[in-house]
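S.K.: Protein chains in written order, with the working numbering: chain A, 1 to 229; chain B, 1 to 229; chain C, 1 to 229; chain D, 1 to 229.
The structure follows.
There are 4 protein chains.
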Amino acid sequence: MMKLSRFLNSNRNAVGKPTDVRDGSALHALTFQAGISTGGKSSIQDRVFAPYSVFKGKAALSVEPVLPTFSKFGSGNLRVDRRGSMMLTFLPAIGERKYDYEKRQKFALSATEVGSLISTGPKDSCEFFHDPSMLSSNAGQVRKNLSIKPHADGSGYFVSLSVVNNILKTTERFTVPVTTAEFTVLKTACSFALPHIMGWDRLTTPLPGTLASKLSKVDPQMPDLEWDK
Amino acid sequence: MMKLSRFLNSNRNAVGKPTDVRDGSALHALTFQAGISTGGKSSIQDRVFAPYSVFKGKAALSVEPVLPTFSKFGSGNLRVDRRGSMMLTFLPAIGERKYDYEKRQKFALSATEVGSLISTGPKDSCEFFHDPSMLSSNAGQVRKNLSIKPHADGSGYFVSLSVVNNILKTTERFTVPVTTAEFTVLKTACSFALPHIMGWDRLTTPLPGTLASKLSKVDPQMPDLEWDK
Amino acid sequence: MMKLSRFLNSNRNAVGKPTDVRDGSALHALTFQAGISTGGKSSIQDRVFAPYSVFKGKAALSVEPVLPTFSKFGSGNLRVDRRGSMMLTFLPAIGERKYDYEKRQKFALSATEVGSLISTGPKDSCEFFHDPSMLSSNAGQVRKNLSIKPHADGSGYFVSLSVVNNILKTTERFTVPVTTAEFTVLKTACSFALPHIMGWDRLTTPLPGTLASKLSKVDPQMPDLEWDK
Amino acid sequence: MMKLSRFLNSNRNAVGKPTDVRDGSALHALTFQAGISTGGKSSIQDRVFAPYSVFKGKAALSVEPVLPTFSKFGSGNLRVDRRGSMMLTFLPAIGERKYDYEKRQKFALSATEVGSLISTGPKDSCEFFHDPSMLSSNAGQVRKNLSIKPHADGSGYFVSLSVVNNILKTTERFTVPVTTAEFTVLKTACSFALPHIMGWDRLTTPLPGTLASKLSKVDPQMPDLEWDK
Chain A
1 MMKLSRFLNS NRNAVGKPTD VRDGSALHAL TFQAGISTGG KSSIQDRVFA
51 PYSVFKGKAA LSVEPVLPTF SKFGSGNLRV DRRGSMMLTF LPAIGERKYD
101 YEKRQKFALS ATEVGSLIST GPKDSCEFFH DPSMLSSNAG QVRKNLSIKP
151 HADGSGYFVS LSVVNNILKT TERFTVPVTT AEFTVLKTAC SFALPHIMGW
201 DRLTTPLPGT LASKLSKVDP QMPDLEWDK
Chain B
1 MMKLSRFLNS NRNAVGKPTD VRDGSALHAL TFQAGISTGG KSSIQDRVFA
51 PYSVFKGKAA LSVEPVLPTF SKFGSGNLRV DRRGSMMLTF LPAIGERKYD
101 YEKRQKFALS ATEVGSLIST GPKDSCEFFH DPSMLSSNAG QVRKNLSIKP
151 HADGSGYFVS LSVVNNILKT TERFTVPVTT AEFTVLKTAC SFALPHIMGW
201 DRLTTPLPGT LASKLSKVDP QMPDLEWDK
Chain C
1 MMKLSRFLNS NRNAVGKPTD VRDGSALHAL TFQAGISTGG KSSIQDRVFA
51 PYSVFKGKAA LSVEPVLPTF SKFGSGNLRV DRRGSMMLTF LPAIGERKYD
101 YEKRQKFALS ATEVGSLIST GPKDSCEFFH DPSMLSSNAG QVRKNLSIKP
151 HADGSGYFVS LSVVNNILKT TERFTVPVTT AEFTVLKTAC SFALPHIMGW
201 DRLTTPLPGT LASKLSKVDP QMPDLEWDK
Chain D
1 MMKLSRFLNS NRNAVGKPTD VRDGSALHAL TFQAGISTGG KSSIQDRVFA
51 PYSVFKGKAA LSVEPVLPTF SKFGSGNLRV DRRGSMMLTF LPAIGERKYD
101 YEKRQKFALS ATEVGSLIST GPKDSCEFFH DPSMLSSNAG QVRKNLSIKP
151 HADGSGYFVS LSVVNNILKT TERFTVPVTT AEFTVLKTAC SFALPHIMGW
201 DRLTTPLPGT LASKLSKVDP QMPDLEWDK
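Following this line, the structure appears as structure tokens:
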């Protein structure tokens with residue numbers, strides 16, 4: 001708690017650009033509760049928890065890449081099975097520097113939605129709609145709307161998530177003010193993560209002398225075979 | 001199919017920036033057919049299929065890096081054997097959300113052509129010509145022309161491929177509208193992939209105490225040896 | 001010493017943009033003293049010293065990423081234990097090309113502060129305050145202030161650190177003029193380092209057929225599970 | 001040779017932006033001769049040759065990163081021994097698509113000089129001077145001058161190297177016109193390579209439970225220890 005307080009304090013002292021308020025112990029709580037909330041199912045080997053979190057007065061925003069999963073087909077080929085995404089998790093504040101993880105809401109940005117975020121300029125805004133039960137009988141019953149709107153003075157953005165649930169008759173809204181510095185971290189980190197959530201970091205060069213490299217000489221995807229048809 | 005529908009639907013709902021319409025099952029079909037279409041030749045170990053695909057009304061565009069291959073020479077040196085590229089695959093639509101993989105056409109962007117794509121601004125356009133049978137008796141018989149032209153309102157680009165085959169007396173043309181968000185994904189992913197298709201990700205630092213590091217002290221390419229002549 | 005002299009010399013010859021004045025032997029001294037100054041505690045296996053250093057007339061600035069540490073929890077999960085940072089080390093000059101490592105002062109930029117640095121334009125300035133003893137009885141006794149201010153002619157920045165210690169009644173101030181080229185190196189290297197100090201380079205894709213990938217099908221963080229609530 | 005011809009041909013066809021003229025066989029010759037020209041000394045294990053080459057009418061420019069070497073000190077620590085660089089190699093043309101490797105001249109860009117190149121805008125130019133025998137009795141006898149000047153129409157740059165040798169009474173000058181696309185490849189690839197020539201790609205995170213991670217708790221470079229003095 002000391003650290004967070006210290007950072008919030010230095011935050012007040014900061015000139016123009018607030019400093020990071022992420023806190024080791026908060027991360028601990030966050031990820032520990034995540035472990036619990038899944039009935040132990042999340043205990044995956046080498047699972048790494050390294051969210052980038054922005055803690056503000058009324059809500060916190062935590063961002064973390066979710067990598068794709070692959071499945072095998074043919075003789076040892078891998079195919080993207082479940083696409084990756086950037087997972088945004090919003091938590092409401094329930095006191096000074098306390099956030100209710102049980103009341104969290106998530107929004108998963110696809111690769112192209114990440115492209116929108118990366119290409120958002122100082123004056124731009126963007127908005128996405130997701131419908132969990134689309135095409136089912138419950139279509140339109142639950143609607144999630146993520147919007148990113150610039151501050152009037154260009155000092156950052158408001159990142160808002162609203163979740164309207166017509167079944168439970170509930171409406172939840174989270175708004176987290178994000179500074180230019182924090183948004184730059186998001187853009188830079190998302191640019192880094194994008195090829196990873198696309199699975200491009202798994203592309204490997206065949207080593208000389210291996211079967212793979214021999215076969216690759218007749219690889220139909222090799223450039224020269226562009227000429228085949 | 002559900003997922004794609006859902007995304008297309010959310011696509012209609014999207015404000016300003018469409019969301020990703022890539023679909024796991026479509027990827028499946030795409031790569032599975034790819035596996036078939038090569039008579040099994042493509043069954044390379046650890047071959048990864050992770051194309052970034054844009055599905056639109058009249059055609060789909062699928063982009064994937066093709067890494068270089070290396071060959072050995074001297075005592076354990078590696079040299080780029082076949083240069084890498086960014087492979088663009090166009091597929092014509094043959095129904096709602098159905099694309100004919102057999103009628104695909106490919107265009108392989110070289111490193112420098114990728115440089116053109118990356119440096120293409122919101123108002124810029126670029127165009128490339130490839131001739132598969134150049135310098136042969138069939139020179140000019142088959143011509144491929146890829147063009148990237150910006151939308152009038154700056155909301156994205158038209159990516160078009162035309163293939164004129166004077167032998168078969170055929171002309172094929174594919175046009176895929178690409179949003180700013182989708183083009184940002186292409187630029188970001190291509191910037192990530194560029195050093196890989198150039199083979200620069202394979203450059204390795206000699207470890208201390210190894211023969212390599214000892215020899216590297218007299219490596220003719222080391223900076224100080226710039227002074228040799 | 002020859003090299004440094006040579007570079008300083010070529011520096012004088014340079015037109016518009018000075019060249020790098022980093023020096024192998026200076027690095028040697030710097031890191032060797034670092035090894036000593038910690039009573040051997042810093043002798044960590046595979047510890048790599050590769051600071052980017054800018055040597056100027058009155059002071060030197062050395063920048064190096066400090067990676068996060070992880071701790072285990074649950075069954076094999078990893079959690080960021082100590083967050084990473086970009087460590088700036090200032091050294092006062094005590095003669096021509098001589099710097100006093102014992103009088104060094106450090107300033108650790110958090111991920112968000114790195115975001116500020118990366119988003120600093122040619123005309124922008126930014127400033128950070130740290131208080132080591134915040135919330136303790138000594139709060140406000142020692143104040144560190146890092147400022148980055150652009151040159152009037154846009155040819156670079158002044159990077160200054162002031163340390164006011166009311167207990168020791170001391171005030172130290174370091175100012176290092178940084179050229180646009182040197183600042184570009186800092187921005188580019190910090191953009192590269194940012195995901196690493198965030199721990200995102202440790203995120204791994206579950207391999208097909210492993211327990212991890214099976215469990216990941218029910219991973220609460222997977223995109224589709226965005227829809228769970 | 002076919003490929004190169006083909007590319008040169010498509011080059012003539014290109015609209016606005018020329019395509020890559022790099023050629024597998026040319027690379028072969030280039031690297032093979034490199035192997036020879038060093039009396040076999042360059043036969044380092046896992047040495048990879050993957051230059052990015054621009055072949056033009058009067059000269060060719062080949063660019064390749066040279067990674068740093070490390071030496072051990074203390075108990076298993078690594079220190080940058082020889083700094084990395086971007087090595088530019090110029091070759092004069094001695095016929096159509098023929099270049100004289102024996103008459104090559106090299107220029108090694110330091111990290112900061114790479115920073116200059118990366119920050120060079122469409123209208124900017126930059127210039128560097130190196131003196132191999134600086135501070136020796138031969139100081140000023142051999143002077144190397146690399147300049148990058150923009151085309152008047154902003155379509156690219158002229159990259160020129162002049163080498164004046166007052167001892168041999170020789171003056172050599174190479175000028176290679178580089179298109180915007182080719183320069184974008186250089187900037188993108190140099191941005192990728194920069195952290196590698198700085199040795200930052202070798203920084204590693206201590207694994208939990210290892211001696212390293214235990215020691216890192218008292219690592220003098222850890223952020224919190226910024227507060228120590």
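Backbone N, C-alpha and C fix where the C-beta goes; we use that ideal spot for every residue, glycine too.
Answer with yes or no whether the minimum CB distance from PRO195/C to chain A is below 8 Å.
M.R.: For PRO195/C, the answer is yes, since a Cβ of chain A falls inside 8 Å of its Cβ.
S.K.: Beta strand (DSSP E) containing LEU109/D: first to last residue?
M.R.: Here the beta strand (DSSP E) through LEU109/D covers 105 to 109.
S.K.: List, in chain order, every chain B residue whose beta-carbon is nearer than 8 Å to that of PHE158/D.
M.R.: Correct list: empty, because the minimum Cβ distance to chain B is about 17 Å.
S.K.: Quick check: the region 188 to 200 of chain A against the region 119 to 139 of chain A, are at least 3 beta-carbon pairs closer than 8 Å?
M.R.: The region 119 to 139 of chain A is not in contact with the region 188 to 200 of chain A.
S.K.: Quick check: what's the CA-CA separation for GLY199/C versus THR69/A?
M.R.: Going from the Cα of GLY199/C to the Cα of THR69/A covers about 20 Å.
S.K.: What are the start and end residues of the alpha helix (DSSP H) that includes HIS196/D?
M.R.: Segment 180 to 197, the alpha helix (DSSP H) holding HIS196/D.
S.K.: Mind reading off the beta-carbon distance from LEU88/A to LEU67/A? Whole number of angstroms is fine, and I expect it under 8 Å.
M.R.: Not a contact, Cβ separation roughly 16 Å.
S.K.: DSSP three-state label for ARG173/D, please.
M.R.: Three-state DSSP puts ARG173/D in a strand.
S.K.: In angstroms, rounded to a whole number, what distance separates the CA positions of THR179/D and HIS151/D?
M.R.: Looking at the two C-alpha atoms, the distance is approximately 9 Å.
S.K.: If you measure beta-carbon to beta-carbon, which residues of the region 59 to 80 of chain A are closer than 8 Å to chain C?
M.R.: If the cut-off is 8 Å between Cβ atoms, the region 59 to 80 of chain A has GLU64, PRO65, VAL66, LEU67, PRO68, THR69, PHE70, SER71, LYS72 and LEU78 near chain C.
S.K.: Please list, in chain order, the residues of the region 171 to 186 of chain D that have any C-beta partner in chain B closer than 9 Å.
M.R.: Residues passing the 9 Å Cβ filter: THR179, THR180, ALA181, GLU182, PHE183, THR184, VAL185 and LEU186.
S.K.: Please look up how many angstroms separate the CB atoms of PHE174/A and LEU161/A, rounded, as I've assumed it's under 8 Å.
M.R.: The pair is a contact, with the Cβ atoms about 5 Å apart (cut-off 8 Å).
S.K.: Is GLY156/C helix, strand or coil when you go by DSSP?
M.R.: GLY156/C: strand per DSSP, three-state reduction.
S.K.: I need the straight-line Cα distance from LYS58/D to PHE129/D, nearest angstrom please.
M.R.: Roughly 23 Å between the two C-alpha positions.
S.K.: Would ALA93/C pass as an interface residue toward chain A - the criterion being a Cβ-Cβ separation below 8 Å?
M.R.: So, not an interface residue.
S.K.: Of all the CB atoms in chain B, is at least one closer than 8 Å to the CB of ARG143/D?
M.R.: ARG143/D does not count as touching chain B.
S.K.: Compare the C-beta of VAL48/A against all C-beta atoms of chain C and say whether one is closer than 8 Å.
M.R.: At least one chain C Cβ lies under 8 Å of VAL48/A.
S.K.: Between MET222/A and chain B, is the shortest Cβ-Cβ distance under 8 Å, so that the two count as touching?
M.R.: Reliability of the predicted coordinates at MET222/A is poor, the pLDDT of 36 falling under 50, and no value is obtained from them.
S.K.: Would you kindly report the start and end of the unbroken beta strand (DSSP E) that includes LEU146/D?
M.R.: From DSSP, the beta strand (DSSP E) with LEU146/D extends over 142 to 150.
S.K.: Check LEU117/B in the structure and name its three-state DSSP category.
M.R.: Of the three classes helix, strand and coil, the one that applies to LEU117/B here is helix, per DSSP.
S.K.: Got a sec: is the Cβ-Cβ distance from ARG202/D to anything in chain C below 8 Å?
M.R.: Yes, contact with chain C.
S.K.: Using a beta-carbon distance cut-off of less than 8 Å, what residues from the region 99 to 116 of chain B approach chain D?
M.R.: Residues passing the 8 Å Cβ filter: SER110, ALA111, THR112, GLU113, VAL114, GLY115 and SER116.
S.K.: Run through DSSP, which three-state label would ARG202/A get?
M.R.: Three-state result, ARG202/A: helix.
S.K.: If you measure from the beta carbon of MET198/A to each beta carbon in chain B, is any gap under 8 Å?
M.R.: Yes, MET198/A lies at the interface with chain B (some Cβ there is under 8 Å from its Cβ).
S.K.: Can you find a C-beta in chain A that's less than 8 Å from the C-beta of SER155/C?
M.R.: It does not; no Cβ of chain A falls within 8 Å.
S.K.: Straight-line CA distance for LYS72/C to PHE90/C?
M.R.: Looking at the two C-alpha atoms, the distance is approximately 35 Å.
S.K.: My output table needs one value for GLU64/B: the three-state DSSP class, helix, strand or coil.
M.R.: Reduced to three states, the DSSP call for GLU64/B is strand.
S.K.: Look up GLU280/C in the DSSP assignment and say whether it is helix, strand or coil.
M.R.: With chain C running from 1 to 229 in the structure shown, residue 280/C is simply not present.
S.K.: Could one say the Cβ of GLY140/A lies closer than 8 Å to chain C's Cβ atoms, at least one of them?
M.R.: So, not an interface residue.
S.K.: Rounding to the nearest angstrom, what Cα-Cα distance links ALA181/A and TYR157/A in this structure?
M.R.: Those two C-alpha atoms are separated by around 10 Å.
S.K.: Would THR188/D pass as an interface residue toward chain B - the criterion being a Cβ-Cβ separation below 8 Å?
M.R.: Chain B, which has a Cβ nearer than 8 Å to the Cβ of THR188/D, makes this yes.
S.K.: Could you spell out where the beta strand (DSSP E) holding ASN77/B opens and where it closes?
M.R.: ASN77/B -> beta strand (DSSP E) spans 77 to 82.
S.K.: Kindly indicate which three-state DSSP category PRO122/C falls into: helix, strand or coil?
M.R.: Looking at PRO122/C - three-state DSSP - the assignment turns out to be coil, as it is neither helix nor strand.
S.K.: Within 10 angstroms of its Cβ, does LYS144/C collect 16 or more other Cβ (buried), or is it exposed?
M.R.: Result: buried.
S.K.: For the beta strand (DSSP E) that TYR101/D lies in, which residues bound it at each end?
M.R.: TYR101/D -> no beta strand (DSSP E), and no H or E assigned at all.
S.K.: Based on Cα-Cα distance, which residue from TYR52/B, LEU146/B and ILE167/B lies nearest to GLY140/B?
M.R.: Minimum Cα distance to GLY140/B is reached at ILE167/B.
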